[in-house]
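Student: Residue numbers (the numbering used here): 793 to 1056.
Quick reminder that beta carbons are idealized off the backbone N, C-alpha and C, glycines included.
Only a predicted model underlies this, so the values are computations on that prediction, with no experimental measurement involved.
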Amino acid sequence: MEHNPKLRTVNVTRYITPLREGGSLPALADADDDFKYVLKFRGAGHGTKALIAELIGGEIARLLGLPVPELVFANLDEAFGRTEADEEIQDLLQASKGLNLALHYLQGAINFDPVVTTVDARLASQIVWLDAFITNVDRTFRNTNMLMWHKELWLIDHGASLYFHHSFTDPEGHAKSPFALIKDHVLLPQASELEQVDADFKALLTEQKIRSVVNLLPDTWLQWEGLEQSPDEVREVYVTFLVTRLNNSQTFVNQAQNARQALI
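1) Thinking just about the alpha-carbon of each residue, which of N1040, K975, Q1047 is nearest to the one in L1055?
2) Could you give the DSSP three-state label for N1046: helix, strand or coil?
3) Using a threshold of 6 angstroms, is the CB atom of A842 nearer than that to any non-hydrogen atom of the ligand GTP?
4) Quick check on DSSP: helix, strand or coil for T910?
5) Find the nearest neighbour of Q1057 within the set S917, R1027, M938, judged by alpha-carbon distance.
6) Under 7 angstroms Cβ to Cβ from V978, same chain only, skipping five residues before and after it: list those, please.
7) Going by DSSP, name the residue or residues bridged to F933.
8) Here's the rule I'm using: 16 or more other beta-carbon atoms within 10 Å means buried, otherwise exposed. How should R1027 be labelled?
9) Which residues mark the beginning and the end of the alpha helix (DSSP H) in which I852 is found?
10) Inspect the CB distances between the stretch 1000 to 1013 and the stretch 954 to 962 and report whether three or more fall short of 8 angstroms.
11) Taking all protein chains shown into account, do 16 or more other C-beta atoms lie within 10 angstroms of the C-beta of T927, making it buried, or fewer, making it exposed?
12) May I ask you to report which of helix, strand or coil DSSP gives Y807?
Next up, the structure:
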């Protein structure tokens, strides 16, 4: 079955408030479809690479059947934010005109707390597998990047994934390497079904599906300073990384299992 994911595009109509301190300064914002969004800015710390990781990580999670808020392209008009009183925020808005990325805001959601909520072995294994696959360094006890909403667990914030792209050299070498930081994953103690999940997810995640997600990346996000490759060539690097990593999944699965054995 063909898989052609599409992202809607909304126009940001109102900047409401910054969401937390930190490098990326995401914000709560209104859009012209009357929904609220968590807005991630292309003008923030890691630029469009954080948006690329967010989009690829989020849409692969969705492909695998994991609960992720809807992602949309969020257009910031040139005039937007000129009336913003805070100078740092005004600079961020000015540096972010054009296409940004936003997640549907889950009104009333609370941060996942592993002490309060136990995640079953299957779901825990699926999330650990995903994060080892996309090299997501940011789902730890300190910062779980999961929300409880209507008694369901939701995954947010994949912007720290795919960290190979900060150097953008030797994607195949990076793809074949284990993921040592999985030892800090908040759900690792419960992830006892990694072998079964690996088999299921490898059957589900084809090269064509990976390509369909990577093809969502807009050209304007792929024109980095000092980069000689065209946007299509950059997309090909991401596809190569992900397909190679999938074909060598046993490497990161073994690493996760060994790290789990050391914990329990």
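Tutor: Well, looking at it:
1) K975
2) helix
3) In terms of ligand content, the structure shown is empty, and the ligand GTP therefore cannot be addressed.
4) coil
5) Because the chain spans 793 through 1056 in this model, residue 1057 falls outside it and cannot be assessed.
6) P906, R931, T932, F933, T936
7) According to DSSP, F933 bridges with nothing at all.
8) buried
9) 840 to 855
10) no
11) buried
12) strand
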